[in-house]
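Enquirer:
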Amino acid sequence: MIKINSQLVSLFVAFLLFLSSCNSGRFELRQSDASYHLIDSLVGYDEAMDANIKPYRDSLNLEMKKVIGHSQQQLSGGLPEGLLSNFVTDLMLVETELLNPSIKVDISIVNIKGLRVPVNKGPITVESVYQLMPFENEIVYLTLTPQQVKELFHFMASVGGDGMSGASFAIKNKKAVDIKVGGQALEARNYIIATSDYLADGGDHFNIFLSAIKREEAGLKVRDAILQHIERLTAENKLVNSQLDKRIYYAE
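Residues 204 to 455 (the working numbering) are what the sequence shown spells out, left to right.
1) Note down the Cα distance separating G366 from L287, rounded to an integer number of angstroms.
2) Answer yes or no: the CB of Q277 versus the heavy atoms of the ligand ZN, is any distance below 7 Å?
3) My parser needs the beta strand (DSSP E) runs of 3 or more residues fully inside the region 352-405; what are they?
4) Taking the C-alpha atoms as reference points, what is the distance between G385 and P326?
5) What three-state label does DSSP hand H273 in the structure shown?
6) I want to know whether the region 444-454 touches the region 391-408 - three or more CB-CB distances under 8 Å.
7) Output needed for L402: all residues of its chain with C-beta closer than 7 Å, excluding positions within five of it in sequence on either side, in chain order.
8) Would you mind sorting L263 into buried or exposed? The rule is 16 or more other CB atoms within 10 Å of its CB.
9) Report yes if the C-beta distance between K449 and S371 is below 8 Å; otherwise report no.
10) Taking the runs of the alpha helix (DSSP H) that are 4 residues or longer, which of them lie wholly in the region 279-330?
11) Starting from E419 and walking both ways along the beta strand (DSSP E), at which residues does that stretch end?
12) Who are T346's beta bridge partners in DSSP?
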């Protein structure tokens, strides 16, 4: 039987506590070693590693290749408006209203640079939507004054247009004219904009959004809104489609 000297144990514990108190929770890095390993085509195939990854890869591929809808035509980007940006901004109005019926969104905005690939005619897979919108952008609601809405549209006019739904304006001398929201001239009230958190943070020079008088998270990613909407259309036996309707156009 091993006999434990309780007095020695107590002294040892006290010594450790003393050392700990002297350190005050601060540790100093004395030495660090690193080595460089080139990962290229010369790295050999690891059968064991591939076997570990395969179940996850197969499951992911199965999900990504799933067809969720069909497009009646190819939807591509364009300025001052485009079929693709019209489709995405239109669906943002629909999906945000379904998500939060108490919030009346007046206008939705996306930047066409953020829509990375067109939607091809025919089957639409989950993978193709991820290629279209590879970013984890969240939808946010911004409240703007009428003057801020006007400044927003002036900026969009200065760059030749962008993705928008719920409003219309003409471009004249790089300014927005004949502005309408919901078919009506700007009123003396605040407007709610649905856009991505990237643009809301001033991305792509949408600096006016930084001055919004209110910001609220929708709790929905832009990509998820696209996926949901396409699946909703499919459930209703409808094709994905879009049209150019002069929501942004050049004044004659």
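Heads up, the beta-carbon is just placed ideally off N, CA and C, and yes, glycines get one too.
Please read these numbers as outputs of a predicted model, since none were measured by experiment.
Expert: To lay it out plainly:
1) 8 Å
2) With respect to the ligand ZN, the structure offers nothing, as it holds no ligand at all.
3) 366-368, 370-375, 378-384, 394-399
4) 32 Å
5) strand
6) no
7) I312, N314, F409, F412
8) exposed
9) yes
10) 286-302
11) 417-424
12) I395, K417
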